[in-house]
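Asks: Supplied in C-alpha cells, the structure appears directly below.
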Amino acid sequence: MKFVHAADLHLDSPLRGLSAYEGAPVEEIRGATRRACENLVDLCIEEGAALLLIAGDLYDGDWKDYSTGLFFVQQMARLREADVQVAWVRGNHDASSKITRYLNTPDNVRELSFSAPETLTYEKLGVAVHGVGYATAEVRDNLAVSYPDPKAGLLNVGLLHTSLDGRPGHAPYAPCALEQLRARGYDYWALGHVHAREVLAREPWIVFSGNLQGRHIHETGPKGASLVTTDQGLIRSVEHRAVDVVRWARCEVFLEDARSFEDALECSARRLRQLLLEADGRLLACRVRLRGPTAAHGALACHQERLLAELRALGLAWGNLYIERVDVETSPAIDLEALREREDAIGELFRGIGEVGMDAESLEALRAEVLVGLDGIAQELLREEAVAEELLLAAERLLLGRLLGDGDTEARS
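The numbering of the sequence shown is the numbering used here, which starts it at 31 and goes up by one.
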C-alpha cells in the first residue's frame with residue numbers, strides 16, 4: 031500500500047516578487063499552485079496510492095470567489111475515480127475562522143475535526159489517521175499531547191500542522207517537541223506548516239513534506255510531496271517527489287576571470303544554463319548575484335539596468351527562464367590598500383570610507399544622517415549594525431566602479 035503526504039498547497043496564493051517586464055511569464059507563474067496540485071493528483075494516480083494526506087494550509091485564506099473551491103472539488107473527483115481516499119486538516123491559513131465560503135466535496139474526501147483530535151480508520155487499507163485542524167489562525171497550544179492512542183493492528187499516522195520546536199520564518203503555531211511525537215507510538219507523522227522539506231526522524235518517520243510549489247525567492251529548490259510505501263503494516267520507503275512547475279533558484283556567479291561586461295554576461299549565461307538543466311524542463315525563476323573581484327566591475331556597476339535587461343532578454347530567448355532580480359556585488363580587481371595610499375582626492379575619499387567603517391561613532395553619525403526621511407521599516411533595518419556596514423561596503427563598491435571604471439589601472443593588483 032502506498033500513501034502520499036502533502037502539505038501547504040496554498041491554492042491560488044499570489045506569488046511574490048514578480049516584475050511584469052515585457053514578455054515575462056507572470057501569468058504562467060501565478061497559476062503555478064493549481065498546476066502543482068494537478069501534478070500531485072497525477073502522482074497519486076500514477077503511483078497507485080490508496081490515500082492522500084494533506085497536513086494543513088490547503089488554502090491560502092478565504093476564497094475570493096468559488097473558483098478555488100471548484101478547482102479543488104474537480105481534482106478530488108479525479109482521485110475518487112481512481113479509488114484514492116483523502117484526509118486533511120486545516121492549518122493557520124485555512125483555519126475554520128478564516129474560511130467563509132464552503133463547497134461539498136466528493137465522498138472520498140474527509141476532513142478531521144478542528145474541535146478536538148480524532149481518528150479516521152481505513153480498515154481496508156489497514157491505516158488509522160489521527161489529527162486535528164485549526165479552529166483559529168493562531169494556535170499556541172500543544173496539540174500533539176492530546177492525540178489519540180495508536181490503534182493496534184493498524185498503521186498509525188499522525189496528521190499535524192505545527193512549527194515543532196520553532197523554525198526560522200514560520201510562526202510558532204501548535205508547538206511541540208520531537209520526543210512528544212515519538213512518544214505517541216505512531217508509525218509516521220505527516221507534518222505541515224514548514225515549507226522546507228525535512229526528515230526529522232526515521233524511527234518512527236517524522237517528516238515535513240514542504241510545500242508543493244515555491245512562491246518566492248526564499249522558497250528555492252525542488253518542491254513536492256512524500257511518497258510512502260508500506261508492506262504488511264510497516265513503512266518500507268519514504269521518497270520525495272517533485273511536483274512543482276516553477277522552480278525558484280539563486281544563481282551565484284563568481285567573476286574573477288571576467289575582463290569585460292560581455293565576459294560577465296557569458297559567465298552568467300553558463301551558470302543559468304546549468305540551473306535550467308537541473309530544473310528538468312520547468313520554468314526557472316531566478317535571482318542572479320554577481321560576486322568577486324573583477325576587471326568588469328566598473329562596467330557592471332555603471333550599467334546595471336542594461337545588465338538586467340540583457341539577462342532578461344536571454345531568458346526570453348530561451349523561453350523558460352524568468353529573471354526576478356540581479357544583484358551586483360562585485361568589486362574592482364585592485365589593491366585597496368594601495369588605492370587608499372594615493373595622494374589625490376580618490377585616495378582621500380576611500381581613506382575616509384575606511385575610517386567610518388572602523389569607527390563606531392562615525393558610523394552612528396552617518397546612520398543618523400541617512401535615517402532622515404526613511405520610513406519606519408527602513409529605519410529599523412538601518413539601526414542594525416550589520417546592515418549599516420553592508421550598505422557602506424555597497425557604497426564603496428559603487429564608488430569604485432563609478433570613479434575608476436575600466437580605465438584606471440594604477441592601483442590594480
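Idealized CB from N, CA, C, for every residue including glycine.
Values in this document were obtained by computation on a predicted structure and should not be read as measured data.
#1: Taking the continuous beta strand (DSSP E) assigned at Asp261, which residues delimit it?
#2: Quick one: does the C-beta of Ala85 sit closer than 7 Å to a heavy atom of the ligand PLP?
#3: Measure the C-alpha to C-alpha separation of Gly78 and Glu249 and round it to an integer number of angstroms.
#4: Using alpha carbons as the reference points, say which of Ala201, Lys32, Arg170 lies closest to Lys154.
#5: Between the beta-carbon of Leu82 and the beta-carbon of Val114, is there less than 8 Å?
#6: With three or more C-beta pairs closer than 8 Å as the rule, is the stretch 34-49 touching the stretch 319-329?
#7: Starting from Ser361, follow its DSSP beta bridges and name the residues at the other end.
#8: Over the uninterrupted beta strand (DSSP E) stretch that includes Asn69, give me the two end residues.
#9: If you draw a straight line from the C-alpha of Ala315 to the C-alpha of Arg277, how long is it?
#10: Would you report the Cα separation of Pro44 and Ile383, rounded to the nearest angstrom?
#11: Let me check understanding here. Comparing Cα to Cα, which of Phe284, Val229, Ile75, Leu313 lies closest to Val268?
#12: What are the complete beta strand (DSSP E) segments, minimum 3 residues, inside the stretch 181-258?
#13: Count the other CB atoms within 10 Å of the CB of Asp124; is the residue buried (16 or more) or exposed (fewer)?
#14: Just the C-alpha distance for Leu41 and Leu320, rounded to the nearest angstrom, thanks.
#15: In whole angstroms, give me the CA-to-CA distance for Leu173 and Gly222.
#16: Using the rule of at least 16 other Cβ atoms within 10 Å of the residue's Cβ for burial, across every protein chain shown, is Glu340 buried or exposed?
#17: If distances are taken between C-alpha atoms only, which option among Ala220, His191, Ser143, Leu185 comes closest to Arg170?
#18: For Gln243, collect the residues of the same chain with a Cβ closer than 6 Å to its Cβ; drop the 5 residues on either side in sequence, then sort them by chain order.
#19: Would you call Ser145 buried or exposed, if buried means 16 or more other Cβ atoms sit within 10 Å of its Cβ?
#20: Do Ile265 and Tyr218 have their CB atoms nearer than 8 Å?
#21: Spatial neighbours of Phe284 within its chain, please: CB distance less than 6 Å, with the 5 preceding and 5 following residues excluded, ordered by chain position.
#22: Under a three-way DSSP split, which group does Ser512 fall into?
#23: What is the rounded straight-line gap between the Cα of Tyr352 and the Cα of Leu302?
Replies: Let me spell this out:
#1: Taking the first residue of the sequence shown as 1, we reach residue 261 at position 231. 254-261 is the extent of the beta strand (DSSP E) around Asp261.
#2: Annotation note on the ligand PLP: not contained in the displayed structure, which lists no ligands.
#3: Walking along the sequence shown from the start, residue 78 turns up at place 48. Walking along the sequence shown from the start, residue 249 turns up at place 219. Approximately 29 Å, taken between the alpha carbons.
#4: For the purposes of this step, residue 154 is taken as residue 124 along the sequence shown, with counting starting at 1. Selected option, being the one with the closest Cα: Lys32.
#5: Within the sequence shown, the letter at position 52 stands for residue 82. Within the sequence shown, the letter at position 84 stands for residue 114. In contact: Leu82 and Val114 (Cβ atoms closer than 8 Å).
#6: Segments in contact, no.
#7: Start at 1 with the first residue of the sequence shown, and residue 361 comes out as number 331. Bridge partners of Ser361: Pro323.
#8: Locating residue 69 in the sequence shown gives position 39, where the first residue counts as 1. Asn69 -> not in any beta strand (DSSP E); alpha helix (DSSP H) instead, spanning 62-76.
#9: Looking up residue 315 in the sequence shown gives position 285. Looking up residue 277 in the sequence shown gives position 247. For Ala315 and Arg277, the distance between alpha carbons rounds to 6 Å.
#10: The residue you call residue 44 lines up with position 14 of the sequence shown. The residue you call residue 383 lines up with position 353 of the sequence shown. Distance between the alpha carbons of Pro44 and Ile383 is about 42 Å.
#11: Translated into the one-based positions of the sequence shown, residue 268 becomes position 238. With distances taken between CA atoms, Val268 lies nearest to Val229 out of Phe284, Val229, Ile75, Leu313.
#12: Fully contained in the stretch 181-258 are the following beta strand (DSSP E) runs of length 3 or more, in chain order: 185-191, 218-222, 228-232, 235-238.
#13: For the purposes of this step, residue 124 is identified with residue 94 of the sequence shown, where counting begins at 1. Flag for Asp124 reads buried.
#14: Looking up residue 41 in the sequence shown gives position 11. Looking up residue 320 in the sequence shown gives position 290. Our two residues, Leu41 and Leu320, have alpha carbons roughly 34 Å apart in a direct line.
#15: Here residue 173 refers to the residue found at position 143 when the sequence shown is read from its first residue. Here residue 222 refers to the residue found at position 192 when the sequence shown is read from its first residue. When rounded, the distance between both Cα atoms is 13 Å.
#16: Start at 1 with the first residue of the sequence shown, and residue 340 comes out as number 310. Answer is buried; the Cβ neighbour count reaches 16.
#17: As a working mapping, residue 170 is identified with position 140 in the sequence shown. Comparing Cα-Cα distances from Arg170 to each of Ala220, His191, Ser143, Leu185, the minimum goes to His191.
#18: Translated into the one-based positions of the sequence shown, residue 243 becomes position 213. Contacts found: Ala62, Thr63, Ala66, Lys253, Asp274.
#19: As a first step, residue 145 is located in the sequence shown; it is residue number 115 there, counting from the start. Under the 10 Å beta carbon count, Ser145 is surrounded by fewer than 16 other beta carbons and is classified as exposed.
#20: The residue given as residue 265 occupies position 235 in the sequence shown. The residue given as residue 218 occupies position 188 in the sequence shown. Yes, the Cβ-Cβ distance between Ile265 and Tyr218 is below 8 Å.
#21: One-based indexing of the sequence shown puts residue 284 at position 254. Here Phe284 has Arg321, Gly322 as same chain residues with Cβ atoms under 6 Å from its own Cβ, once five neighbours each way along the sequence are excluded.
#22: One cannot answer for residue 512 here, as it falls past the ends of the chain, which runs 31 to 443.
#23: Here residue 352 refers to the residue found at position 322 when the sequence shown is read from its first residue. Here residue 302 refers to the residue found at position 272 when the sequence shown is read from its first residue. Distance between the alpha carbons of Tyr352 and Leu302: 11 Å.
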